[in-house]
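Protein chains in written order, with UniProt numbering: chain F, 1 to 288; chain U, 1 to 288.
1) Keeping to the same chain, check which residues put their C-beta closer than 7 Å to that of residue 219/U; ignore five residues upstream and five downstream.
2) Which of the three DSSP states, helix, strand or coil, is assigned to residue 108/U?
3) In chain order, what residues of the same chain lie with their CB nearer than 6 Å to the CB of residue 275/F, ignoring the 5 residues before and after it?
4) Assess, as a yes-or-no matter, whether the segment 150-164 of chain F is touched by the segment 96-116 of chain F under the definition of 3 or more beta carbon pairs within less than 8 Å.
5) In this structure, how does DSSP classify residue 272/F when only helix, strand and coil are distinguished?
6) Check whether the Cβ of residue 7/U lies closer than 8 Å to any Cβ atom in chain F.
7) For the segment 161-176 of chain F, enumerate the residues whose C-beta is nearer than 8 Å to any C-beta of chain U, in chain order.
8) Looking at chain U, is there any beta carbon in it that lies within less than 8 Å of the beta carbon of residue 110/F?
9) Between which two residues does the beta strand (DSSP E) carrying residue 242/U extend?
10) For the segment 35-105 of chain U, which segments carrying the alpha helix (DSSP H) assignment without a break, of at least 4 residues, lie completely within its bounds, in sequence order?
11) Taking the alpha helix (DSSP H) that residue 119/U belongs to, which residues open and close that run?
12) Could you tell me if residue 188/F is buried or exposed, where buried requires 16 or more neighbouring beta carbons within 10 angstroms of its beta carbon?
13) Please check the pair residue 216/F and residue 222/F, which I expect to be a contact at CB under 8 Å, by giving their CB distance rounded to whole angstroms.
14) If I measure Cβ to Cβ from residue 1/F and keep anything under 8 Å in the same chain, skipping five residues before and after, which residues do I get?
15) Scan the segment 74-107 of chain U for residues whose Cβ lies nearer than 9 Å to a Cβ of chain F and list them as they occur along the chain.
16) Find the residues of chain F that neighbour residue 18/U, judging by a C-beta separation of less than 8 Å, and give them in chain order.
17) Any beta-carbon of chain U closer than 8 Å to the one on residue 15/F?
18) Scan the segment 36-64 of chain F for residues whose Cβ lies nearer than 8 Å to a Cβ of chain U and list them as they occur along the chain.
19) Closest Cβ-Cβ distance between residue 2/U and chain F: below 8 Å?
20) Go through its chain and collect everything with a Cβ distance to residue 172/U's Cβ below 8 Å, but skip five positions before and after it.
21) Residues bridged to residue 145/F by DSSP?
22) Using a Cβ distance threshold of 8 Å, determine whether the segment 26-37 of chain F contacts the segment 47-56 of chain F, with at least three qualifying pairs required.
23) Going by other Cβ atoms of all chains shown within 10 Å of its Cβ, with 16 needed for buried, is residue 257/U buried or exposed?
24) Run through DSSP, which three-state label would residue 188/U get?
25) Near residue 179/F, what residues of its chain come up, given a Cβ to Cβ distance below 6 Å and the 5 sequence neighbours on each side ignored?
26) For chain F, is any of its Cβ atoms less than 8 Å away from the one on residue 275/U?
27) When you compare the CB positions of residue 167/F and residue 135/F, do they come within less than 8 Å of one another, or not?
Given below as structure tokens:
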């Protein structure tokens, strides 16, 4: 596994490889790798000649009251895990290398004022800036993002569409425990009884999907259904349960096309998020 | 010569060519081609396997009181000229194709509040947006820009540096008449006597360079010198004569490093611009 810290060196290496016909798969991360990241890398491994992973804790996407300084870092362990997942090239730039100039400001005007983004002013501006830079540095054919953070995937799909990056965004399903709980480093903060309740988040989303497949088309009734399930079957406090078109993240009054049901629930020491993206079957257009 | 109007088609074609090892030179234009554009294309022809020219009158870089609607267009003549200059691929998108989504706003915070940019609020935001899109669509190894608009070159070099586009920006010298007057479609608006005076703009810049090479290091005295020459030898009214570091476009109090002397002069029916970029010789560091 090669390691680069300099932008020009990795850029030069990858331009040459691509000119020789190699395809590049890219997994951008902030490090402290867990199974979710490794799943992305393993899928990239299967689908590309060269797998590049970046590890960069991006100061631009942290708010003034967020945990940039204390964000966990473990580069040696990360390198070992990346290698085992099939990564060929690790990109580990310093912040000075990534932000040597700053005459261009990027701002995201859509898809950001809902869900978790509504509370993180400027977060996605930092995300699209670093992702634009990384796409230009790595030049991937395919870039892999986990649907655990479905809003991030939506914003990045908007970026790629608006600025025409020649990259295919691969949406990778959330990695789950056997009982359906979305894997998260925060799950360890759940008490024993909370851990038993927590799979209800995913179960209620899947049961909601079944109701929709059976004909329920009203977003309000689906939200109420999930609300009732979580209130009745867990001790968690609901932060939000919201339904939007996906990836546009605009409100809808009928459950049709592609849409997301997303939720956040606060337990005692852990706030859990989960979501489901549903593509409604096309309705018959011709009635005989 | 191939012609494309669809983003996905030209992008797909060029990705394949690059994967086969071909280098791509790119000349972005707004059409109504003149000798300046053709010089860019000819240089691109000499230095690349494939030459791509875009013709797109970008609505985003025109202000509300500027001439977007009346901007001259002549696609048939442009195609003929492009072909004769050695262009292989012409990209002619419609505005709807280029701006189908708009969730990302790009803003340039440096290099824009001086020279002509100070009077064109938002102009360079539109320039960097369309250039970012075109770079992503075309994926050039080399992109060619004329130094007649030296501020645009500076802003684009900032863009490439800040967002790490894998493209080499080629600065192409201003094309001039035999007497040194910078070629411009506006020169036809000069009266016969103005046409005789107009080469003083370039002459005064070249004589200023000679004074600097001979030891003059004070920007104020150089500006006065040029001011006096133009006032004495032409009927034009000076709009500005300014000196900045290049490409940063920040004020300097000593003429050292790389810097630009730029000017704009109003004649009766034509406002002419010209500039010279000077790289001062390194001073001796060791004194024995």
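Glycine included, each C-beta is placed from N, C-alpha and C at the ideal position.
Straight from the coordinates:
1) What you label residue 219/U is simply residue 219 of the second chain in a count that begins at 1. Cβ neighbours of residue 219/U beyond the five flanking positions: 243, 252, 253, 255.
2) Position 108 of the second chain, counting from 1, holds the residue named residue 108/U. Strand.
3) Here the question's residue 275/F lines up with position 275 in the first chain. 150, 260, 262.
4) yes
5) By one-based count along the first chain, residue 272/F stands at place 272. In this structure, residue 272/F counts as strand in the three-state DSSP scheme.
6) Here residue 7/U corresponds to residue number 7 of the second chain, with the count starting at 1. It does; some Cβ of chain F falls within 8 Å.
7) 161, 162, 163, 164, 165, 166
8) Stepping through the first chain from its first residue, residue 110/F is reached at position 110. Yes, because at least one Cβ of chain U sits closer than 8 Å to the Cβ of residue 110/F.
9) Along the second chain, read from residue 1 onward, the residue named residue 242/U stands at position 242. Note, residue 242/U: beta strand (DSSP E), 237-245.
10) 35-47, 75-84, 95-98
11) Locating residue 119/U in the second chain gives position 119, where the first residue counts as 1. That residue, residue 119/U, is in no alpha helix (DSSP H); it is neither H nor E in DSSP.
12) Sequence index remark: in the first chain, residue 188/F carries index 188 (1-based). Residue 188/F should be labelled exposed.
13) Walking along the first chain from the start, residue 216/F turns up at place 216. Walking along the first chain from the start, residue 222/F turns up at place 222. Cβ-Cβ separation between residue 216/F and residue 222/F: approximately 6 Å, consistent with a contact (criterion under 8 Å).
14) Sequence index remark: in the first chain, residue 1/F carries index 1 (1-based). Same-chain partners within the cutoff: 79, 82, 83, 87, 88, 89, 90.
15) 98, 99, 100, 101, 102, 103, 104, 105, 106, 107
16) Stepping through the second chain from its first residue, residue 18/U is reached at position 18. Here the neighbours are 18, 19.
17) Along the first chain, read from residue 1 onward, the residue named residue 15/F stands at position 15. Interface residue, yes.
18) none
19) Residue 2/U sits at position 2 when you count from the first residue of the second chain. Output row for residue 2/U: interface = no.
20) The residue you call residue 172/U lines up with position 172 of the second chain. Shown here for residue 172/U: same chain residues with a beta carbon closer than 8 Å to its own, the five before and five after excluded, namely 39, 40, 43, 144, 145, 146, 147 in chain order.
21) Translated into positions along the first chain, residue 145/F becomes position 145. Note: residue 145/F sits in a beta bridge opposite 171/F.
22) The segment 26-37 of chain F, when compared against the segment 47-56 of chain F, does touch it at the 8 Å Cβ threshold.
23) For the purposes of this step, residue 257/U is taken as residue 257 along the second chain, with counting starting at 1. Exposed, since its Cβ has fewer than 16 Cβ neighbours within 10 Å.
24) For the purposes of this step, residue 188/U is taken as residue 188 along the second chain, with counting starting at 1. Helix.
25) On the first chain, position 179 is the one that residue 179/F refers to. The answer, listed in chain order, is 199.
26) On the second chain, residue 275/U is found 275 positions in, with the first residue counted as 1. Cβ-Cβ to chain F under 8 Å: no for residue 275/U.
27) As a position in the first chain, residue 167/F is number 167, starting the count at 1. As a position in the first chain, residue 135/F is number 135, starting the count at 1. Contact: yes.
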